[in-house]
Each structure stands twice: as C-alpha cells, then as structure tokens.
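Using the working numbering, the letters of the sequence shown map in sequence onto residues -1 to 619. Working notes for the structure below.
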Amino acid sequence: MLSWGEPRAFWFAVVIIPIIFFYFLRMRFRRQPVSSIYIWSRLQMTSRGGRKLRYWSVLLLLIQVLAATAGVVTLARPAWVAQRLEQPGIVYILDVSASMNAQDVEGGRLAQAKSILEERVGELSADTPVVIYLAGAETTQLCPPSTVHQALLSALKAVECTYGSFDEEEAAQVLQAWLATEHRPWQGCLLTDGGLDLQGKKLSAVFNGLLEVVTVGAHGENLGLTGLRVLPHNQYRFSVENGYPAEQEIKLCLSWEGEPLSRQVLKVPPGLSLYTLSIDGANASASVGLGDSRIKPGAYSLVLEENTDIFPVDDKTYFAVNQGRAVRILLAGRGNPFFKAALSAPGLEVLEVPALEDDSNYSEWDLVIADCVEIPAGVRTNLLTFGALSPGSPVAFGPEVRGELSQVDSTHPLLRFVDWRGTRVNAGRSLLLTEGNVQILATVGGEPVIAAWEAEDRHVVVCSVTFFHSDLGLSAAFPIFLQNMLKWCVPQMGNALAYTLVSGEARIYAEPGSWQTPEEADFRIDRTGRYLTIVPDRPGVYHWKKADGSEIVFAITLDQSELSLVPRVLPLKVSGTQLGIKLSKERVSLARWSLLILLTALCLEWVFWRGGWSLRTVKKQ
C-alpha cells in the first residue's frame, strides 16, 4: 500500500503550470526574446530543421515536467507500507550451568531439559517462531529465530553444559537488548534446575511476567568440595556441601603437585560447612618440604575419595600458589626522593635512568615513569609523565596555572581513596584536550592538570605539574595515587588468589606476549597487547611456561553456588495475559527513487539545453 509522509507537499505541483505557460508563450512569440525564454532561444540558434526543433522542444518540456513532478513526489516522502500478521514467538532459555551436569535423572539434567524442549517445540504450529538461548556464565543465542523447528532441534543436540554458574543479570540484559530489536511479541520458557541467583525475577520482568519455568532434576543427594585455601603454618581451609538429608562420612586426600600430604576422615552435617585442616609439620616436611610458615608454590588439590554420586566434577577442588609477581618499573629523571619513598614497597623492581633512549625496548617494563625528561616515540608501554608529553598525545600544554589542586567527581580507579585537598601548585601548565576519550583527574582553578587515557594496549597518565613547583610529593594522596596507578597497569598485583579462578568468571592479567598457552587448556584467552583476558571453564590445574623457562600454575574451581544440587522451583507467578496475533506494518521509503528520477531529469535537461550530444559534435566540426 502506497503511503505519503507529507501529503501537503503536493501543493508544490502548481509549479508545473508556469512551466507549461512559458512553453506556449515561447511558441507564440518567437521573435521577441525575453529572460524567461532564454533556455529556448539556445535551441533556436542550433542548426536543426523546424520539425526536429519542435520535437526537441516538446521533449524538453516533458523532461521539465518530469523533474518538477519528481521533486514534488520526493517532498511528499512516498513509502510502501506492507501489513502482515505477526505470530507470537517463544524464547526457550536453556540452563547450561555446571549443576545441569548432574546425573540424578536418566542421561543427566541437560538431556532431560533437551527432551522437554524437543517435545514442546514439536507441539507448536509450523508458523510459530522459535529461538533458543543458552544461559550460563554467558548468555548466547543458539540460532537466529526461525519457523524451521527441525533445524533448531538439530543444533540443540550438540549443546553441552559449561561449568560456570547461571548469571541471571547477564541473561536478562542480553534478552532485553534482543527483544528491543524485535517487532513481534515473544513469551519465554526457562528450563533449569532452579540455580538462579536472583530467583528468576529479573528474567520474568524482561518478559513482563510471560515466563514459564520448567524445573528439571530429581534430587540433590550429592557431596562436593569447594573453596580450598592454603594458609601459613600448614593449614588448609575448605568447604563441604552435603546434599543428603543426614550426616555423611567422607574420606579426603590433600595433595601437592600430585604428592599426597594428608588423608582425613570427616563426618559432615547436611548443608554447607567450613573446615580447617592442620597437618603435622614433620609429616608435611617429609612429603614436600613444608616445615615452616612459608607456602610452597605449586598446585594443591583436595579430593573426595571413594565417592560415587550424581555430580563427580565437584569431588575435587584446587588452589594455585605462585611466586610473587614483581612489578617492573623504569624511573627516568633526576632521582626524585618522593618516588624512591613511594616505590620502596616489596614486590617492586625499580631501575633508575637519567633519560629515555630512542632505541631501547620498553615492552618488558610494566610502567615507565618520566619525570621532566623527553619521551621518545618508542615507549609503547604504560606511561606516567610529569611535565612532559609523549608523541601523539591527545592533550597539549596550555596557559600557566597556580592555586590548590582540586579533585574531580569521577569513579576512575586512579582516584580511589585519593584526596588532593591541601596540595598547592605554585607554578604549572594546564592541559588542553585535543581529542576525545581523555579522563580528567585533577584541576587547578578549573583547568585540567592531570589526565589519563588508554592508548591501544597501554595506559597513559600525564601530570603537567612537577614536584619542584608544587606540594605534590609532600601530599599524603600521592603514594595512594601511585599505588592505584600500579594496580591499574598490573590488574592482579598483590592478589594472593590471582591464579585461582572460578569457572565462567573472566579475569584480566598483565603479562608479556612470551607466555606459552598450554594446548590442553580448557578456557578462552583473548589477548590485547600485554593484557590478556582468561575465561575459564572446566575445573582443573593448568601449567604455563614463560620464554625464560619459569612456570605459572593456574587452578580452576567450581562456583560454590553450583554445589547445591537440590532442584528448586522458582517462586514466579506466570502472568495470565495471553499473547495474540499482532498486526505489524513495515514501511519502505521510496523517496530515494523519486530523488533519483529528479536528478536524472535534471541531467537530461542540461544535455538538451546544450543541444544534445549530436549538436555539440556538429559545432566542433
């Protein structure tokens, strides 16, 4: 159906009347040239016969009328509106979290959920759109919405469980963003064992209460371990989940790098309980040399022995201990004592140089601090400058400022616990922003003096105020600001649990590209320069090696919430509203075609006004 967005534009069609009027005026008074018939007089000066000239002028008139008509139609915004009936669709949300691996039903909970989903889809009419989402630590769409149900069910057969927990907030955001792009109405159906952190309320709100929940699983009689922690003085802390209704006796084996440290027998009550295991120092020393309060690096594991239940994955829990991660800092400048004091903490390797060289390799340094020295273009790592700018910076030095350093209202990680009040600037330069994506961290008199930004794979902070012309070094906030800078550049700095990961939870590390990824690693790795993001999945222990031969141990454990396997019926009330067939309209604009006709007509008019291609050729001859 043809529709007009601005029908009042058709009043402009009266412009065709003067076009026709002047055409007949030209035909009647040929010997009296006036400005309004100039375009026609050009045609009379050509060497053509009278009859051919009349045909030529009539064709020119038709082209002018066509151009005027096309212009009016373009202003009227024509569109083709197609109406169609939209059948309501169904979104199936399949829980693929770790607990769906439980084998308390034939084939497992995931197989039961697949069977129910196939049965539900088989009962739908052939024109009902269906889409399937897989929800775990991440929520992804299995296939685009389709009425070809058999293709969806074929893709469903290859779906396997992950080992992360069900992130309901993530699922709700993904589904809400997708529904915002859809025109047809949708209702939801969630197939889960009930392990949702928000009790399904967030998902139900996305579908305005039109969310049906199908609970799978038979019972939660299971024993599991989680949360192993290695403490000083040969102590080990862990949690036990007892899904049986009565007290159970369990046998535990604690190991270091596969070598047994201790075997224990415990009686655990129903539910979750916390234990601390102490090992005799002499026995521990005989096994792996743990005779004092130090913790030996390596992979620790706690295993539930002689246990056969519905979820064998949680019978082991792991903990990784590595040597402390030293943060390498290159300090270039005049030996500022404030830096020496702030960088005297353990775990920091600081090298002082008077200047930065053009031909040096700075990629192995975690942070380069330039104090009033020139910065070459080859510094492609994290950078903190005072009174200097690196080449290509999105800021420039501006007018001089003086006064008290003021903090901006921002949640930037560099400003955590930082209070600049009382810091005086006696002389300094302001910063002028030349590009976007720059975060202002401090000002003097309303003018920026400290700014930060991210460039490619590195972090850069510029301070136009120097220590010799301000109280910056004497400020109590400066050491805190510097520690925030180090943690911003090295995200896991000082984190004792940096290499013990939870399935499905992403973590960022600042490590050089010399790391060698193990082929058997069951997790996803995304690298951007010196920063890599690890998304772990299957629990276990993984060893990495650096180019220098040193080794890093990673341990992946289950989320504690996935150990309670009792199927839980979500307390959701399904809305009584029934979705009906929706009449939708799709509007396709035709203005581009009328505009194309207008431009074509104007081009043809210009050609004919000049006498055409053949006439121009005659003139050249």
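Quick reminder that beta carbons are idealized off the backbone N, C-alpha and C, glycines included. Just so you know, these numbers come straight off a predicted model, no measurement behind them.
Thinking LEU570 and TYR161 are a contact (beta carbons under 8 angstroms), I'd like their distance in whole angstroms, please.
-> Stepping through the sequence shown from its first residue, residue 570 is reached at position 572. Stepping through the sequence shown from its first residue, residue 161 is reached at position 163. With 8 angstroms as the limit, LEU570 and TYR161 do not qualify as a contact, their Cβ atoms being about 26 angstroms apart.
Would you kindly report the start and end of the unbroken alpha helix (DSSP H) that includes VAL172?
-> Residue mapping note: residue 172 aligns to position 174 of the sequence shown, counting from 1. 166 to 177 is the extent of the alpha helix (DSSP H) around VAL172.
Leaving aside the five residues before and after ALA475 along the sequence, list all residues of the same chain whose C-beta is less than 6 angstroms from its C-beta, in chain order.
-> Taking the sequence shown and counting its residues from 1, one reaches residue 475 at position 477. Counting only Cβ-Cβ distances below 6 angstroms, and skipping sequence neighbours, we find VAL416, ASP417 and TRP418.
In the DSSP assignment, what are the bridge partners of GLN139?
-> In the sequence shown, counting from the first residue as 1, residue 139 sits at position 141. Paired residue(s): TYR131.
For ASN320, I'd like the list of residues in its chain whose CB is within less than 7 angstroms of its CB, leaving aside the five on either flank, ordered along the chain.
-> Here residue 320 is taken as the residue at index 322 of the sequence shown, counted from 1. Closer than 7 angstroms at Cβ, skipping near neighbours: PRO295, TYR497, ILE550 and VAL551.
Does DSSP put PHE309 in a helix, a strand or coil?
-> Translated into the one-based positions of the sequence shown, residue 309 becomes position 311. It is coil, neither helix nor strand.
For VAL416, name the three-state secondary structure that DSSP assigns.
-> Numbered from its first residue, the sequence shown carries residue 416 at position 418. If DSSP states are grouped into helix, strand and coil, VAL416 belongs with coil.
List the DSSP bridge partners of GLN233.
-> Position 235 of the sequence shown, counting from 1, holds the residue named residue 233. Note: GLN233 sits in a beta bridge opposite LEU229 and SER276.
Go through its chain and collect everything with a Cβ distance to ILE218's Cβ below 6 angstroms, but skip five positions before and after it.
-> Position 220 of the sequence shown, counting from 1, holds the residue named residue 218. It is worth fixing the name first, because residue 218 is Gly in this sequence and not Ile. Result list for GLY218: GLY241, LEU563 and VAL564, in chain order.
Going by C-alpha distance, which of PHE20, MET98 and LEU122 is nearest PHE656?
-> Examination of residue 656 is not possible in this model, given that the chain is present from -1 through 619 alone.
For ALA368, which residues of its own chain have a beta-carbon under 6 angstroms away from its beta-carbon, when the five flanking residues on both sides are left out?
-> Counting from 1 along the sequence shown, the entry for residue 368 is found at position 370. ALA330, THR383 and ALA386.
Counting only the same chain and skipping the five closest in sequence on each side, list residues whose C-beta sits under 7 angstroms from that of PHE27.
-> Against the sequence shown, residue 27 aligns to sequence position 29. Bear in mind that the predicted position of PHE27 carries a pLDDT of just 45, short of 50, making it unreliable; the figure below should be weighed with that in mind. Closer than 7 angstroms at Cβ, skipping near neighbours: no residue.
On the three-state DSSP scale, how would you describe GLU402?
-> Residue mapping note: residue 402 aligns to position 404 of the sequence shown, counting from 1. Strand.
Given that a residue counts as buried once 16 or more other Cβ atoms are within 10 Å of its Cβ, and exposed if not, what is ASP407?
-> Locating residue 407 in the sequence shown gives position 409, where the first residue counts as 1. By the 10 Å Cβ count, ASP407 comes out exposed.
With 16 other Cβ atoms within 10 Å as the buried cut-off, status of LYS265 = Numbered from 1 along the sequence shown, position 267 holds the residue referred to as residue 265. Exposed is the call here.
Using a Cβ-Cβ cut-off of 7 angstroms (strictly less than) and excluding sequence neighbours within five positions of ASP356, which residues of its own chain qualify?
-> Against the sequence shown, residue 356 aligns to sequence position 358. Only PRO374 and GLY376 meet the Cβ criterion.
For GLN110, collect the residues of the same chain with a Cβ closer than 6 angstroms to its Cβ; drop the 5 residues on either side in sequence, then sort them by chain order.
-> Counted from its first residue, the sequence shown places residue 110 at position 112. So the qualifying residues of the chain are VAL103 and VAL214.
Pull up the CB-CB distance for ALA621 and VAL460, whole angstroms please, since I reckon it's below 8 angstroms.
-> Outside the displayed span of the chain (-1 to 619) sits residue 621, for which this structure offers no information.
Simplified DSSP assignment, three categories, for GLN558 = Taking the sequence shown and counting its residues from 1, one reaches residue 558 at position 560. Helix, per DSSP.
How many angstroms separate the CA atom of GLN185 from the CA atom of ILE130?
-> Translated into the one-based positions of the sequence shown, residue 185 becomes position 187. Translated into the one-based positions of the sequence shown, residue 130 becomes position 132. Taking the straight line joining both Cα atoms gives about 12 angstroms.
Does the Cβ of SER202 have 16 or more other Cβ atoms within 10 Å, making it buried, or fewer, making it exposed?
-> As a position in the sequence shown, residue 202 is number 204, starting the count at 1. Buried, by the Cβ-count rule.
Evaluate contact between the stretch 439 to 448 and the stretch 483 to 498, counting only Cβ atoms and requiring at least three cross-stretch pairs below 8 angstroms.
-> no
Can you give me the Cβ contacts of GLN558 inside the same chain, cut-off strictly under 7 angstroms, excluding the 5 residues immediately before and after it?
-> Position 560 of the sequence shown, counting from 1, holds the residue named residue 558. Result list for GLN558: THR224, GLY225 and SER237, in chain order.
Give the range of the beta strand (DSSP E) segment to which PHE337 is assigned.
-> In the sequence shown, the residue the question calls residue 337 occupies position 339. That residue, PHE337, is in no beta strand (DSSP E); its alpha helix (DSSP H) goes 335 to 340.
Reducing DSSP to helix, strand and coil, say where ASN320 ends up.
-> For the purposes of this step, residue 320 is taken as the residue at position 322 of the sequence shown. Note: ASN320 maps to coil in three-state DSSP.
Just the C-alpha distance for SER299 and TRP254, rounded to the nearest angstrom, thanks.
-> Numbered from its first residue, the sequence shown carries residue 299 at position 301. Numbered from its first residue, the sequence shown carries residue 254 at position 256. Straight-line Cα distance between these residues: approximately 7 angstroms.
Outcome for HIS457 when other beta-carbon atoms lying within 10 angstroms are tallied against a minimum of 16 = As a working note, residue 457 is residue 459 in the sequence shown. Buried.
Pair within 8 angstroms by beta-carbon distance, LEU132 and VAL157 | For the purposes of this step, residue 132 is taken as residue 134 along the sequence shown, with counting starting at 1. For the purposes of this step, residue 157 is taken as residue 159 along the sequence shown, with counting starting at 1. Taking 8 angstroms as the Cβ cut-off, LEU132 and VAL157 qualify as a contacting pair.
Counting along the chain, where does the beta strand (DSSP E) carrying SER424 start and finish?
-> Numbered from its first residue, the sequence shown carries residue 424 at position 426. Reading off the sequence, residue 424 comes out as Asn, not Ser. Taken as a continuous stretch (DSSP letters only), the beta strand (DSSP E) holding ASN424 covers 422 to 431.
So what does DSSP say about CYS461, is it helix, strand or coil?
-> As a working mapping, residue 461 is identified with position 463 in the sequence shown. CYS461: strand per DSSP, three-state reduction.
With 16 as the cutoff for other CB atoms within 10 Å, does ALA297 come out buried or exposed?
-> Position 299 of the sequence shown holds residue 297. Answer is buried; the Cβ neighbour count reaches 16.
Buried versus exposed, by CB contacts within 10 Å (16 or more), GLU166 = By 1-based counting over the sequence shown, the position of residue 166 is 168. Buried, by the Cβ-count rule.
Please report how far the alpha carbon of ILE248 lies from the alpha carbon of VAL263, in whole angstroms.
-> Residue mapping note: residue 248 aligns to position 250 of the sequence shown, counting from 1. Residue mapping note: residue 263 aligns to position 265 of the sequence shown, counting from 1. Using only the alpha carbons, I get a separation of about 6 angstroms.
Taking ASP312 as the reference, give the member of ALA96, GLY192, ARG422 and PRO411 with the closest Cα.
-> Translated into positions along the sequence shown, residue 312 becomes position 314. The candidate whose alpha carbon is nearest that of ASP312 is ALA96.
Drop a sphere of 10 angstroms on the beta-carbon of ASP535, count the other beta-carbons inside from all chains shown, and report buried for 16 or more, exposed for fewer.
-> As a position in the sequence shown, residue 535 is number 537, starting the count at 1. Buried is the call here.
First through last residue of the alpha helix (DSSP H) which encompasses ARG118 = The residue you call residue 118 lines up with position 120 of the sequence shown. That run of the alpha helix (DSSP H) goes 107 to 120.
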